[in-house]
Amino acid sequence: MFKLSELLEIPTEAELYETVAGHFNDISAEFYGRANRRLLEELAPKGPVKVLDLACGTGALVLEIARQLPQGQILGVDLSEKMLAQAKKQSASLGLTNARFHQEDIRSFLPNHPPEFDLGLCCFALSYLGVDFVLKGLHQALKPGGQIGITTSSFQSLVEWQQVFIQFFVENQGKFDFQQIPNVPEMPMGHDDLKKKMEAAGFEKVHVVSLIIPLEFENAEEAATFLIASGWLSNQLFAIKDLGLRKFIVEWASEKIEAMHAHEPKITTQVEFLVGWNEGGSRES
Ligand SMILES: C[S@@+](CC[C@H](N)C(=O)[O-])C[C@H]1O[C@@H](n2cnc3c(N)ncnc32)[C@H](O)[C@@H]1O
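Note that our numbering has the sequence shown beginning at 4, numbered continuously upward.
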């Protein structure tokens, strides 16, 4: 589907999504999709609700809600033109008239948004947008008693990959510009942490469940390709603007990962996905 060397040459993370858009549904259906479907089961929205999905990507969740709730109005917002083009194409082929898509940076869309939504979602984008920014912004954009739904990875994910990246920067100190060291992406530590953060943003009756998703790859190159194309490793890697250094780190890390799994038939790892929501109260109709 993709070549690792080509993915590593994409200058920015925003352009990564333009590149992977045509295949994102295939990449995510059994990955992010598992957590997003669980979220929808827990929320079970009903009636003529107004729903916002921040960083909706190719719109799988928006389209599913729109299909389930013909009287609802579902709005998906994302920065990527091509991710949204996929969403619109799918929406048209399903004949949906209650799903809308809007292209904008959430950092300009969300602040001070009027409280017009019954349900606000943000799936697998907290690490780009910031946990507090999203939770507080959604709290304000919801009507009183509105519901929030979040899916995200936690820090208990790809632990060995994270350790290998840290090891790289420790062992290679002084060999590159300090500015090149990327910030650690913003993710909750685990389900208690996400629950506390949702409560701190003003949500009550919050529930968070943890899903452990095992992953298996033929080799480290296949693993790195999937983890970048899905937007997982790209968060840190694409902060490194020196393409030579970026490539070197991935090759270095891949060798270490292969060595760690040398006696196993496959490269195995796992991610922890968190699914968080609140019970919500009485809604205005
Ligand atoms: C990992 S994908 C998740 C997509 C979808 N929510 C899902 O669960 O399948 C992350 C999405 O965040 C979007 N994104 C990243 N930064 C953004 C920003 N600042 N404003 C709007 N969208 C953004 C990307 O374009 C991409 O579609």
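The beta carbon of each residue, even a glycine, is placed where N, CA and C say it ideally should be.
Determine the extent of the alpha helix (DSSP H) in which residue i is found, giving its start and end residues.
i, result
"I68", "A63 to Q71"
"D196", "H194 to A203"
"F299", "There is no way to answer for residue 299, as the model of the chain reaches only from 4 to 288."
"S213", "Not the alpha helix (DSSP H): S213 falls in the beta strand (DSSP E), residues V209 to F220."
"K53", "Careful: K53 lies outside any alpha helix (DSSP H), inside the beta strand (DSSP E) at K53 to L57."
"V253", "L246 to M263"
Examine ligand 1 and report whether any of its heavy atoms sits within less than 7 Å of the Cβ of residue i.
i, result
"G41", "The question names Gly, but residue 41 in the sequence shown is Arg. No."
"R249", "no"
"L290", "This structure cannot speak to residue 290, because the chain is shown only from 4 to 288."
"G75", "no"
"L82", "yes"
"M86", "yes"
"L132", "yes"
"D29", "no"
"G60", "yes"
"A63", "yes"
"A203", "no"
"A128", "yes"
"G140", "no"
"I109", "yes"
"G123", "no"
Nearest-angstrom Cα distance between residue i and residue j?
i, j, result
"D245", "L161", "24 Å"
"H210", "W280", "5 Å"
"I231", "H116", "32 Å"
"G284", "R249", "48 Å"
"S237", "E267", "26 Å"
"K198", "K208", "10 Å"
"G247", "E254", "11 Å"
"K86", "V187", "For the record, residue 86 in the displayed sequence is Met; it is not Lys. Each residue's Cα considered, the two are about 25 Å apart."
"E258", "F168", "12 Å"
"E221", "L57", "34 Å"
Looking at residue i: is its Cβ nearer than 8 Å to the Cβ of residue j?
i, j, result
"E119", "A144", "yes"
"L292", "C126", "There is simply no residue 292 to check, as the chain begins at 4 and stops at 288 in what is shown."
"L124", "V137", "no"
"G133", "A102", "no"
"L141", "Q106", "no"
"A204", "K139", "yes"
"G192", "F158", "What sits at residue 192 in the sequence shown is Met, not Gly. For M192 and F158, yes; Cβs fall inside 8 Å."
"A24", "A88", "yes"
"T228", "L10", "yes"
"P51", "G36", "no"
"S156", "F276", "yes"
"I216", "F27", "no"
"E163", "M4", "no"
Note the first and the last residue of the continuous beta strand (DSSP E) segment covering residue i.
i, result
"F158", "It is not in any beta strand (DSSP E) - F158 carries neither H nor E in the DSSP assignment."
"F206", "Run containing F206: none; DSSP gives neither H nor E here."
"I270", "I270 to N281"
"F120", "F120 to C126"
"D81", "Q76 to D81"
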